[in-house]
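As structure tokens, the structure follows; a few thoughts come after it.
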Amino acid sequence: MNFYLDDFDQKAIRIALVSQIQKYEDIFSNSTNESEKEYWARELERSKNAFKKISGGETIEEYRRTSEESKK
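Counting from 0, one number per residue, gives the positions in the sequence shown under numbering that gives the first Met the number 0.
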């Protein structure tokens, strides 16, 4: 299924996903229970995949690196 979003919608979704991914990374890193870690690892991976799809193949890591470089 293909769908198209305008630039504003893509940016809004990308910003929401960046926030969600950061939250999931924090929860994952603070988890002590193994089954909890597995759950948050799956959610984190799903969110990263969604980000990559909405960003035309750019990963969250590439996005963060580009964002940091543009702030300098």
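Yeah, the Cβ is synthetic: ideal placement off N, Cα and C, and Gly gets one too.
Assuming contact is defined by CB atoms lying nearer than 8 angstroms, are residue i and residue j in contact in what I supplied?
i: Lys118; j: Glu57; result: Past the boundaries of the shown model lies residue 118; the chain is included only from 0 to 71, so the question cannot be answered.
i: Ser30; j: Trp39; result: yes
i: Arg13; j: Ser54; result: yes
i: Glu35; j: Tyr23; result: no
Run through DSSP, which three-state label would residue i get?
i: Thr65; result: helix
i: Ser75; result: Outside the shown range of the chain, which is 0 to 71, sits residue 75, and nothing can be said about it.
i: Asp5; result: coil
i: Ser46; result: helix
i: Ser18; result: helix
Nearest CA to the CA of residue i: which residue from the options?
i: Gln21; options: Lys10, Lys71 and Arg63; result: Arg63
i: Ala49; options: Asp6, Phe7 and Ala15; result: Ala15
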